[in-house]
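The sequence shown begins at 332 in our numbering and counts up one residue at a time. Read through the structure below, which is laid out as structure tokens, and then see the notes.
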Amino acid sequence: MIRADPHAWRAAIARVDAAGGALAVWGVLYEDRYETRFGDGFYLSLRGVALSESDARRLAALAPPGELTHWHVRRYVLVRADASLRIDAPPAREEEFSVEDIVAQLCEIAEGGGASKLLVGSGAEGRAPGHNLLSLD
């Protein structure tokens, strides 16, 4: 899980407010097919966020191909919940992330941009610059 700082929350709330109280985002989700086939089962981790489905698919296409990896794109809607945000329909059981993860990645999207960076690799190193992060730019 990524921790979103207070600035990220304020920026995300402002973006949702500017969109009329609900903002559609597309998550780029990573599936470890080895785990799906031989391990703990089917799970998806959020590795990137985009403001359009086409940008999410372009972002997913940047990932190196692999027999044991698969990328999924799914739509989520962030909505205002009093002084915070929530996901309109909570992620499914196999989707291991929270609204905080979306908020943190949403704030990576530059003004006028369409997508966050995409984290590839194990994910253990986090989203630090230079650590397996790919970009549409």
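Think of the CB as a built atom: it goes at the ideal place given N, C-alpha and C, for glycine as much as any other residue.
Note to self: Which residue wins for smallest C-alpha separation from V356, given the options S466, E425, A435 and L465?
What the structure shows: Numbered from 1 along the sequence shown, position 25 holds the residue referred to as residue 356. Taking only the C-alpha atoms, the option nearest V356 is A435.
Notebook entry, point to check: Touching or not, the stretch 409 to 418 and the stretch 377 to 392, by the rule of three or more beta carbon pairs under 8 Å?
Noted result: no
Item checked: Cβ pair A345, A387 closer than 8 Å -> Within the sequence shown, the letter at position 14 stands for residue 345. Within the sequence shown, the letter at position 56 stands for residue 387. Result no, Cβ atoms of A345 and A387 do not sit closer than 8 Å.
Notebook entry, point to check: Nearest-angstrom Cα distance between P421 and D468?
Noted result: On the sequence shown, position 90 is the one that residue 421 refers to. On the sequence shown, position 137 is the one that residue 468 refers to. If you take the alpha carbons of P421 and D468, they lie about 30 Å apart.
Check: What are the start and end residues of the beta strand (DSSP E) that includes E363?
Finding: Along the sequence shown, one-based indexing puts residue 363 at 32. The sequence shown places Asp at residue 363, rather than the Glu named in the question. D363 -> beta strand (DSSP E) spans A353 to D363.
Checklist line | Segment limits, beta strand (DSSP E) that includes S415 | finding: As a position in the sequence shown, residue 415 is number 84, starting the count at 1. Segment S415 to I418, the beta strand (DSSP E) holding S415.
Notebook entry, point to check: Which residues mark the beginning and the end of the alpha helix (DSSP H) in which L529 is found?
Noted result: Residue 529 lies beyond the residue range present for the chain, which begins at 332 and ends at 468; the question has no answer from this structure.
Checklist line | Own chain partners of R417 with C-beta closer than 8 Å, once the 5 adjacent residues on each side are dropped | finding: Here residue 417 corresponds to residue number 86 of the sequence shown, with the count starting at 1. Result list for R417: L409, V410 and V430, in chain order.
Checklist line | When G397, T367 and L375 are compared against R424, the one with the closest alpha-carbon | finding: Along the sequence shown, one-based indexing puts residue 424 at 93. R424 has its Cα closest to that of L375, out of G397, T367 and L375.
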